[in-house]
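Numbering (the numbering used here), first residue to last: 3 to 148. Input: a single structure, listed below in structure tokens.
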Amino acid sequence: MNARRRTVLTAGAAALVTGCGSSGDGDGDGSTAPASETGKTPDTPEASGTSAGELTRTSDVPVGGGTIFKDRKVVVTQPEAGEFKAFSAVCTHAGCIVASVSDGTINCACHGSKFSITDAAVEAGPATRPLPAEQITVEGDSIRLG
């Protein structure tokens, strides 16, 4: 391979690696450290006392709100005390991971879609489809996927 072609390929590879460095999940938090380095994302509670296979503890999901697990692409809500629901954290509009849960809705920061914490129905667009339900099992104070 000639020196010029090698230089162009090397520059292209460097640009690709640099471009892959951002999180690209559309959450707009400005964080550049991958979740695997920090062990959690800003919306993921500490795994205090969780066992293998456990997603979270019931005490980590606020009543009237929810918790987003970006690494698992799931959001768990507690619309009323003791009632737990789980939905995909992938927005049905453009595929962004939802960014927050507040005021009774699961919120996508990419384009402003909002989904009900009760059944993931669209509360505000541009999304037109609800978030798909995820299966969870609640046993005692443990919440597991599946």
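Where a beta carbon is used, it is the ideal one built from N, C-alpha and C, also for glycine.
Legend entry - I145 and T58 closer than 8 Å at C-beta: Going by C-beta atoms, I145 is nearer than 8 Å to T58.
Legend entry - E48 versus R74: straight-line alpha-carbon distance, rounded: Because the pLDDT at E48 is just 40, under 50, the model does not fix this residue reliably, and the point stays unresolved.
Inset, instruction - Quick one: measure Cβ to Cβ for S115 and A129, integer angstroms, because I've assumed they're closer than 8 Å. - result: Confirmed, about 4 Å.
Legend entry - D62 classed as buried or exposed, judged by whether at least 16 other C-beta atoms fall within 10 angstroms: Classification of D62: buried, given that the 10 Å Cβ count is 16 or more.
Legend entry - Collapsed DSSP secondary structure at T60 in the structure displayed: Three-state result, T60: helix.
Legend entry - Residue span of the beta strand (DSSP E) that contains A123, given as start and end: From DSSP, A123 is part of no beta strand (DSSP E); its letter is neither H nor E.
Legend entry - Collapsed DSSP secondary structure at G14 in the structure displayed: Below a pLDDT of 50, predicted positions are generally treated as unreliable, and G14, at 45, falls in that range; no measurement from the model is reported.
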